[in-house]
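Here is the structure we will look at, set down as structure tokens.
Protein chains: 2
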Amino acid sequence: MKIAILGYGTIGSGVFEVFGTNVDNIKKRAGEEITVKRVLDLREFPGDPVEARLTHDFRDIADDPEIECVVETMGGNEPAYTFLKELLLKGKSVCTSNKELVANHGTELLEIARQKKINFLFEASVGGAIPIIRPLMESFSGDEIIDICGIINGTTNYILTKMDRDGADYADVLAEAQAKGFAERNPEADVEGHDAARKIAILASLACGAEVDFRDVYTEGITKLTALDFEYARRMGRVIKLIASMRKIDGKVFSTVRPMLIPAETPLYTVNDVFNGILVNGRFSKSIMFYGSGAGKLPTASAVAADVIEVAKNRGRNIPIVWSNKKQPIEDRMEQKNDFFIRVKHSDKHKAKEVFSGVHIDELKPENGEFAFIARNMAEKDYEEAAKKVDIINKIRLLNVAQR
Amino acid sequence: MKIAILGYGTIGSGVFEVFGTNVDNIKKRAGEEITVKRVLDLREFPGDPVEARLTHDFRDIADDPEIECVVETMGGNEPAYTFLKELLLKGKSVCTSNKELVANHGTELLEIARQKKINFLFEASVGGAIPIIRPLMESFSGDEIIDICGIINGTTNYILTKMDRDGADYADVLAEAQAKGFAERNPEADVEGHDAARKIAILASLACGAEVDFRDVYTEGITKLTALDFEYARRMGRVIKLIASMRKIDGKVFSTVRPMLIPAETPLYTVNDVFNGILVNGRFSKSIMFYGSGAGKLPTASAVAADVIEVAKNRGRNIPIVWSNKKQPIEDRMEQKNDFFIRVKHSDKHKAKEVFSGVHIDELKPENGEFAFIARNMAEKDYEEAAKKVDIINKIRLLNVAQR
């Protein structure tokens, strides 16, 4: 089988390397040789092994009938979307690592692949090398997924782990992460939770069998967390993680991204640095966790390569993926109940006690002359009402393992 | 699709329940309704919903052309093997949770399924509901698996966790586990490591693409461990786990089952109680861990159900599984190097120092008037030679994360 790669960046060059160096093993698994015929990139790579296959013209790929499968590792919506739609309509299977594209256009591209009896696969779009898309599609098919709860953004997990270990503040750790290349110059997509929201929308679409719009996922980032929050967390025996979740309650679907206080009883507690961990709860299978490096050139490339091999093994056959074009409604988070860890100024102590008098509260040993407490089992809307009446320094929700 | 179940024990009745209660979801995922037409068991189940479908005669299933797929949850080699071979030769796909059968006859049964263009699937044979067989088959296909290292026996993990937490001795914890139903009356297969050896042989066969014979897996059990071993472990910042492993070094394959001292840096450290955790290292993908409940009625049944749905989705097509009838040689463990934690009587201290003088040793703070030390980077054969010359109370190998 002849393939092409769109984009010779980190992941794209990794895919080129995997197909160039793992030849025998791939031939054995795919049942045939797979060769990269063309690589599209606007740049030149003099002296690089890719040179002989490099093209600057998308038509060299789209119009080549010999190329049966195209890997897309450009990232972003455009021109990826326009390219892939044309390729699929032409009957070429596509494998992508582009979560933005899958979150935005997955429904439509899956539908074209279905009609053309080819495949649109995207294992590498969530969790890098961690197998999560295919297990959700296949391994849980006899089950019903009722809860997904994951650490699926490596940049924020690196920052939070550093803040926890070093007692450092957000801005300092971010600057260090940027210097080391673990965070982007413009970190907004990561630190505000948008990247995690796109990924959980992809996982939720597979779990629900319908389109979950990432814009419906209520998202809070990590930018307001301080060293003091981590000190409180430590005293509670918890750590703070950015948690992306999807949860079915009585047939209703909730989905959020936000920092949460994680207890030591869950395996998510030990997911540190740039690692990802995704906990999936099925009605029958109970908690199953997938853990590993959520990014990186060769790990992600190997996940893309596995998709390409599935394409080779499924010629003329669309691998069924239950993700219809029906829209999955996401419930308003305001109805959801949570335990909130809350910090207010000492001068607001009595006011806070009055305002939160309707719920059970546990006072915590204060730091820095503050008043800190946990408000139990409170609806989000009630919290928001109460929060208007008192000056809140910060609040973080608790992950309640028993509820999950 | 009409299916049958062989054996109405814990797992079999779970499979019956899953197909009886998760009807809509399964129909959506499989693309058609799946009904259990017959259940084979020698016993009667008066009043049980299975009653109307129950048969005592295997012919009612084997000779029914309407039954396309058979679930086997009887366990053991016979009559499972004879039944399944006939069913496959008749063109019926088979899904099994029976690790003994897969370890003994997997190669032959897979070959029949290939020839008949049907499927022989066994996701539930290792790790209960944890997806591990299919990820090894599909998700790592672009990679090369170089190392599998897992806690894959729930009974022994429960016993070891209890010994660690309570400072209790092996015999007491085993008795308690038996009383609670976590260990069998005859626990030998679990505590001597034979169950784990069968499971790692299955995983290694998939990783190597050739038949790994479980009888070639060098196996040590947990019966010699004492409370004092756990006390030493704690002081080293480690825990003791029964580790089943497969490792490729320079094209040679090693596979063993034995208790090991696990450092806190690996995610296996937190796999406790009856949970399973399997760490897979690929050449490209690096460490990926699969974690969850490794047993239990409905978790295991849901894994079997997922296999049945794959059968429905792949009518007339054999899902390629790279596990040939070529025999995979397993290297003699004697050539492998390990770090050994060793305890000898105080009176043997000087003798031990002399005997182990060829390797680097670290002395540990002694307990109970013993002499305890770690002998570093020692070939198994050299250890065995040295061990003959001095009275060893106990020895446990260290899991070296850096080496892996």
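Protein chains in written order, with this note's numbering: chain Y, 3 to 406; chain U, 3 to 406. For each residue, glycine too, the CB sits at the ideal point set by N, CA and C.
Annotation: the continuous beta strand (DSSP E) that includes valine 255(Y) extends over 254-265. Per DSSP, the continuous alpha helix (DSSP H) segment holding leucine 89(U) begins and ends at 82-91. The beta carbon of isoleucine 148(U) is closer than 6 Å to those of Lys250, Asn283 and Arg285 in its chain, skipping five residues each way along the sequence.
Looking at Asp364(Y), Tyr385(Y), Ile395(Y) and Ala388(Y), the one whose alpha-carbon comes closest to that of asparagine 370(Y) is Ile395(Y).
Out of Tyr83(Y), Tyr293(Y) and Ser289(Y), the CA that lies nearest to the CA of glutamate 102(Y) is found in Tyr83(Y). Secondary structure at glycine 14(Y): helix, using DSSP grouped into helix, strand and coil.
Per the DSSP secondary-structure output, cysteine 97(U) pairs in a beta bridge with Val73(U) and Leu123(U).
If you draw a straight line from the Cα of serine 287(Y) to the Cα of alanine 297(U), it comes to about 10 Å. Chain U has no Cβ within less than 8 Å of the Cβ of arginine 399(Y). In this model, glycine 360(Y) and lysine 391(Y) are separated by some 14 Å (Cα to Cα). Segment contact: the stretch 237-251 of chain Y against the stretch 189-199 of chain Y, three or more CB-CB distances shorter than 8 Å; contact assigned. When Cβ-Cβ separations below 8 Å define contact, methionine 238(U) makes no contact with chain Y. Only residues of its own chain outside the window of five on either side were considered, and among them Asp197 have a CB closer than 7 Å to the CB of alanine 191(Y), listed in chain order. For asparagine 340(Y), the uninterrupted beta strand (DSSP E) run begins and ends at 339-347, by DSSP. Legend: CB atoms of the stretch 134-155 of chain U lying less than 8 Å from CB atoms of chain Y belong to residues Arg136, Pro137, Glu140, Ser141, Phe142, Ser143, Gly144, Asp145 and Glu146. Contact between leucine 401(Y) and proline 265(Y) holds, with the beta-carbon distance rounding to 7 Å and staying under 8 Å. At a C-beta separation below 8 Å, asparagine 24(U) has these neighbours in chain Y: Gly144, Asp145, Glu146, Arg285 and Phe286.
For arginine 200(U), the nearest beta carbon of chain Y is not closer than 8 Å to its own beta carbon.
For the stretch 32-66 of chain Y, the beta-carbon criterion of a distance under 8 Å to any beta-carbon of chain U is satisfied by Ala32 and Gly33. Taking aspartate 384(U) as reference, the option from His352(U), Lys347(U), Arg335(U) and Val403(U) with the minimal CA-CA separation is Arg335(U). In the structure shown, the three-state DSSP call for phenylalanine 60(U) is coil. Residue environment: serine 257(U) is assigned as buried (16 or more neighbouring CB atoms within 10 Å of its CB, all protein chains considered). Taking a C-beta distance under 8 Å as the contact criterion, arginine 136(Y) and glutamate 146(Y) do not qualify as a contact pair. Per DSSP, the continuous beta strand (DSSP E) segment holding phenylalanine 277(U) begins and ends at 277-284. Within the same chain, Phe373 come within 6 Å of lysine 351(Y) by CB-CB distance, once the 5 residues on both sides are set aside. Residue state for asparagine 159(Y) is assigned as helix, using DSSP reduced to three classes. The C-alpha of glycine 11(U) is placed about 16 Å away from the C-alpha of phenylalanine 184(U). Note on geometry: alpha-carbon atoms of valine 306(U) and threonine 37(U) lie some 14 Å from one another. Per DSSP, the beta-bridge partners of phenylalanine 375(Y) are Ile344(Y) and Glu365(Y).
In the structure shown, glycine 129(U) falls within a coil segment according to DSSP collapsed to helix, strand and coil.
Of the residues assessed, leucine 8(Y) falls on the buried side of the cut-off, its CB having 16 or more other CB atoms within 10 angstroms. Inter-residue distance for glycine 223(Y) and phenylalanine 216(Y) is about 15 Å (C-alpha atoms, whole angstroms). In the DSSP assignment, asparagine 396(U) falls within the unbroken beta strand (DSSP E) covering 394-400.
Taking one beta carbon from each stretch, the stretch 150-164 of chain U and the stretch 107-125 of chain U have fewer than 3 pairs nearer than 8 Å; the two do not touch. Here the stretch 162-176 of chain U does not lie against the stretch 203-219 of chain U, with fewer than 3 beta-carbon pairs under 8 Å apart.
Valine 20(U) carries a helical assignment under DSSP once its states are collapsed to helix, strand and coil.
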